[in-house]
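A.B. asks: Let me give you the structure first, and then I'll get to my questions.
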Amino acid sequence: VTGIPQFGLGEGVDQSGVTTKILTCNSTMDLNVDNKSKLFGLHIHTSVIQMSFGPVVFANSQGPKLYAKSHAVSTVNLYVGVKNKPMYGAGRNMQDMLKSGKGLPLIIRLRLRSNFKVVWKLINPNFHHNVECMLVLHGDLNKHRNQAYSSNCRIASTS
């Protein structure tokens, strides 16, 4: 995770007039792909990127397609965010956790599919990757006036 340029949780009303917590949040992350193949480029397809608080998914985005040249490292910037999202009961819990000093735990999940197109697409090995990043927001802003946070990501791959 490379940044949380915006995080705001305030009072507001939803479309039906119900008073609730309203969330505006966005996050950026870099996806680094190290293609160690000396002959073949790697095609990478990202599915939906999700950001959640516990079981509540509050933001979705679609990632781009990426081509990593053979024997090269490629980086793509990914984004997930939401603007003016009513959070109802979860919003109060989020605010309490931020104020507690322990931090607000959020999860970013990303699914990827990658493949090599070998021998004019006759051989096409596919791989599936699940990425999960645990993000803990702290109640203060860092020296660049961005939301202070800590993060840890893990990846699981299958063929």
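In my numbering, the protein residues as written are 5 to 163.
A virtual CB, placed ideally from N, CA and C, is assigned to each residue, including glycine.
For R115, which of F131, V135, S65, K121 has the nearest alpha-carbon?
C.D. replies: Locating residue 115 in the sequence shown gives position 111, counting from the first residue. Among F131, V135, S65, K121, the Cα nearest to that of R115 belongs to V135.
A.B. asks: In the structure shown, what three-state DSSP assignment does K103 receive?
C.D. replies: Within the sequence shown, numbered from 1, the residue matching residue 103 stands at position 99. In the structure shown, K103 sits in a helix (DSSP, three-state: H, G or I).
A.B. asks: Just verifying my parser: in three-state terms, what is the DSSP assignment at M91?
C.D. replies: Residue numbering aside, residue 91 sits at position 87 when the sequence shown is read from its first letter. DSSP places M91 in coil when its eight states are reduced to three.
A.B. asks: Are the CB atoms of L141 and F11 nearer to each other than 8 Å?
C.D. replies: Taking the first residue of the sequence shown as position 1, residue 141 is located at position 137. Taking the first residue of the sequence shown as position 1, residue 11 is located at position 7. Their beta carbons are under 8 Å apart, which means L141 touches F11 by this criterion.
A.B. asks: Closest to V60 by CA distance: which of N128, L70, P129, I111 is it?
C.D. replies: Within the sequence shown, numbered from 1, the residue matching residue 60 stands at position 56. The candidate whose alpha carbon is nearest that of V60 is I111.
A.B. asks: Roughly how many whole angstroms lie between the Cα atoms of F62 and L27?
C.D. replies: On the sequence shown, residue 62 is found 58 positions in, with the first residue counted as 1. On the sequence shown, residue 27 is found 23 positions in, with the first residue counted as 1. Computed Cα separation, rounded: 9 Å.
A.B. asks: Just the C-alpha distance for T162 and F131, rounded to the nearest angstrom, thanks.
C.D. replies: The residue given as residue 162 occupies position 158 in the sequence shown. The residue given as residue 131 occupies position 127 in the sequence shown. Going by the C-alpha atoms only, they are around 6 Å apart.
A.B. asks: Take T79 as the anchor and find which of V5, R113, I127 has the nearest alpha-carbon.
C.D. replies: Residue 79 sits at position 75 when you count from the first residue of the sequence shown. Measuring from the Cα of T79, the nearest candidate turns out to be V5.
A.B. asks: Identify, in the order they occur along the chain, each residue of the same chain with its Cβ nearer than 8 Å to the Cβ of K69, setting aside the five sequence neighbours on each side.
C.D. replies: Within the sequence shown, residue 69 is the residue found at index 65, counting from 1. These residues qualify, in order along the chain: H47, I48, H49, T50.
A.B. asks: If we ignore side chains and look at the alpha-carbon of each, how far apart do I159 and I53 end up?
C.D. replies: Numbered from 1 along the sequence shown, position 155 holds the residue referred to as residue 159. Numbered from 1 along the sequence shown, position 49 holds the residue referred to as residue 53. Their backbone Cα atoms lie some 14 Å apart in a straight line.
A.B. asks: Hey, would you say the C-beta of N128 is under 7 Å away from at least one heavy atom of the ligand GTP?
C.D. replies: Inclusion of the ligand GTP in the displayed structure is not the case, the ligand content being empty and no account of it being possible.
A.B. asks: Is it buried or exposed for I127, if we count other Cβ within 10 angstroms and need 16 for buried?
C.D. replies: Here residue 127 refers to the residue found at position 123 when the sequence shown is read from its first residue. Counting Cβ neighbours within 10 Å, I127 comes out exposed, since fewer than 16 surround it.
A.B. asks: Rank L43, A94, M91 by C-alpha distance to the C-alpha of K73 and give the top, closest one.
C.D. replies: Working through the sequence shown from its first residue, we reach residue 73 at position 69. When only C-alpha atoms are compared, the closest one is L43.
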